[in-house]
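Numbering (full-length UniProt numbering), first residue to last: 1 to 125.
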């Protein structure tokens, strides 16, 4: 029924000014609109709506993720922009924070300024 409709992704923020800088300047997404209620970014054809909320308790699991071609290179670039990659300690991750999933996918996690857990994933080739 919805297989021909575009997907819109939503993520909450308490501070739209910081979110605008993070998603627009740090991550490099193109901002397409701004209102008192939300910021909208083009995430490679998917609309990402960063919604302003009054209260937020970040979830302990990934809420948004990107597929990348070279995760190591992307982590180096993002770290240079001040992004910290999480080391969880309850499964094996390398020095860059990359976990190797059983199917060979490489995954790493980082947080936005509101503490939302985001990820990068490089599928096994």
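Don't be surprised by glycine CBs; every beta carbon is placed ideally from N, CA and C.
Item: Buried/exposed call for residue 28, threshold 16 Cβ in 10 Å; Value: exposed
Item: Spatial distance of residue 18 from residue 94 (CA atoms); Value: 29 Å
Item: Straight-line gap, residue 109 to residue 86 (C-alpha atoms, nearest Å); Value: 6 Å
Item: The stretch 71-88 touching the stretch 30-42, judged by at least three CB pairs closer than 8 Å; Value: no
Item: DSSP state of residue 106 mapped onto helix, strand, coil; Value: strand
Item: Proximal residues to residue 66 (C-beta, below 6 Å), its chain only, five neighbours per side dropped; Value: 120
Item: Beta carbon of residue 22 nearer than 7 Å to that of residue 113; Value: yes
Item: Classification of residue 106 by the beta-carbon crowding that lies within 10 angstroms, buried from 16 upward; Value: buried
Item: Spatial neighbours of residue 70 in its chain, beta-carbon cut-off 8 Å, leaving aside the 5 residues before and after; Value: 122
Item: N- and C-terminal bounds of the beta strand (DSSP E) containing residue 83; Value: No beta strand (DSSP E) holds residue 83; DSSP gives it neither H nor E.
Item: Extent of the continuous alpha helix (DSSP H) to which residue 16 belongs; Value: 16-20
Item: For residue 63, three-class secondary structure by DSSP; Value: coil
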